[in-house]
DNA sequence: AGATGTCGTTGGTGGTCCCAACGGTATCTG
DNA sequence: CAGATACCGTTGGGACCACCAACGACATCT
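Residue numbers (UniProt numbering), protein chains in the order written: chain A, 1 to 155; chain B, 1 to 155.
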């Protein structure tokens with residue numbers, strides 16, 4: 001029988017504090033998320049972009065000519081950061097920034113042909129990285145994992 | 001029957017690019033992890049510390065008097081960041097930094113009584129935050145989720 | 001015409017992670 | 001013992017991410 005009356009440790013018993021912390025879902029989530037980000041960002045870096053570029057490029061592809069603010073609302077990026085991301089994408093020739101004649105406050109962001117081609121490659125690279133991320137899971141486990149993960153993410 | 005011959009989109013069919021990205025495990029992992037970090041860090045902030053403080057405090061509690069470099073290796077923090085974290089903990093009176101007489105290169109980091117009490121409260125707050133993080137899952141689902149999560153995190 | 005609000009942009013903060021270099025100290029080796 | 005080697009804590013810096021405040025330009029509502 002173990003000693004279970006360690007009052008000072010708040011009911012956690014004799015478990016080492018570090019062991020306890022590392023067992024927390026939040027800790028494991030951070031580890032898994034960091035691994036995913038590493039895998040994905042390394043893959044995308046082979047095409048010279050970051051994850052934010054991929055996300056914004058995807059949004060532009062979906063929404064056709066679209067204002068920056070609308071992109072920001074859709075993707076969740078701060079307007080400040082959106083400026084930099086679009087600067088990069090524009091400099092790389094993947095999107096165009098044109099003044100909107102109907103509302104001169106807005107920039108109409110559009111995908112270039114090269115942007116479309118790049119996006120297709122990015123999507124493939126992203127899929128491959130995610131394939132590796134879930135490599136230890138069987139197809140059934142992946143489905144179950146994603147289902148539970150979504151519940152946790154949405155709260 | 002849907003059109004499945006959209007060559008340009010690399011086999012993804014007619015699915016919008018954003019929908020595709022958001023369905024990726026890496027994307028959902030990031031969302032869930034961000035939510036967990038937000039919940040935990042908000043909870044720990046009520047005791048005036050960040051997650052790194054909690055982790056290091058736990059390591060000090062486990063390892064008794066211990067050198068900074070050893071703490072860094074155990075917790076994975078960069079030596080540079082460890083300096084700042086210990087500065088904070090020391091300023092708050094939670095740990096002591098004493099020169100190690102046996103090896104004058106080292107600082108012997110020890111937990112103070114107040115550090116021990118604070119750590120117990122932090123552990124409780126962390127547990128509560130994690131309880132909320134997994135609130136949408138049944139006990140059985142939580143167990144299964146953690147099991148799969150560990151596999152993904154470890155790669 | 002004036003109030004109100006949105007547009008893109010600039011500037012700044014804080015957290016996380018990583019790398020390079022330094023003076024001080026210990027240890028290993030000839 | 002002397003010199004090479006390695007580790008200690010510290011400083012400085014950079015990249016990325018998330019977030020907030022303020023601004024001039026412009027559109028819209030009343």
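C-beta atoms are modelled at their ideal positions from N, C-alpha and C, and glycine is treated no differently.
Note that the structure is predicted; figures quoted are calculated from it, not measured.
Taken through DSSP and simplified to helix, strand or coil, residue 97 (chain A) comes out as strand. By the neighbour-count criterion, in which 16 or more other beta carbons inside 10 Å mark a residue as buried, residue 130 (chain A) falls on the buried side.
According to the DSSP assignment, residue 123 (chain A) belongs to the alpha helix (DSSP H) that extends over 113 to 133. Residue burial is scored here from C-beta neighbours: residue 153 (chain A) has at least 16 other C-beta atoms within 10 angstroms and is therefore classed as buried.
Contact between residue 26 (chain A) and residue 37 (chain B) holds, since their C-beta atoms are separated by about 7 Å, short of 8 Å.
The Cβ of residue 110 (chain B) sits no closer than 9 Å to any Cβ of chain A. Among the residues facing chain A, residue 155 (chain B) is included, as its CB has a counterpart in that chain under 9 Å away. Straight-line measurement puts the Cα of residue 72 (chain B) at about 6 Å from the Cα of residue 78 (chain B). Nearest in C-alpha terms to residue 122 (chain B), of all of B:35, B:42, B:18 and B:86, is B:42.
Cβ proximity to chain B below 8 Å picks out 39, 40, 54, 55, 57 and 58 from the region 38 to 58 of chain A. From the beta-carbon of residue 65 (chain B), no residue of chain A is found nearer than 9 Å; the closest lies around 15 Å away. Put simply, of A:82, A:95, A:61 and A:62 the residue whose alpha carbon is nearest the alpha carbon of residue 69 (chain A) is A:82. Interface criterion met: the Cβ of residue 28 (chain B) is under 9 Å from a Cβ in chain A. Put simply, the backbone Cα of residue 136 (chain A) is about 9 Å away from that of residue 148 (chain B). Contacts between residue 141 (chain B) and chain A, judged by CB atoms closer than 7 Å, involve 148 in chain order. Checking the DSSP bridge columns, you'll see residue 109 (chain A) partnered with A:66 and A:97. The beta carbons of residue 98 (chain A) and residue 108 (chain A) sit closer together than 9 Å. Annotation for residue 81 (chain B): the continuous alpha helix (DSSP H) segment containing it runs 79 to 91. For residue 138 (chain A), the secondary structure class from DSSP, reduced to helix, strand or coil, is coil. At a C-beta separation below 8 Å, residue 125 (chain B) has no neighbours in chain A, since its nearest C-beta there lies roughly 10 Å away.
Any Cβ of chain B closer than 9 Å to the Cβ of residue 95 (chain A) would place that residue at the interface, and such an atom is absent. Rounded to whole angstroms, residue 155 (chain A) and residue 101 (chain B) show a C-alpha spacing of 51 Å. Scanning its chain for C-beta atoms nearer than 7 Å, with the 5 sequence neighbours on each side dropped, one finds around residue 134 (chain A) the residues 142, in chain order. Taking 9 Å as the cut-off between beta carbons, the residues of the region 64 to 85 of chain B near chain A are 74 and 75, in sequence order. Residues of chain A whose Cβ lies closer than 9 Å to the Cβ of residue 113 (chain B) do not exist; the shortest such Cβ separation is about 10 Å.
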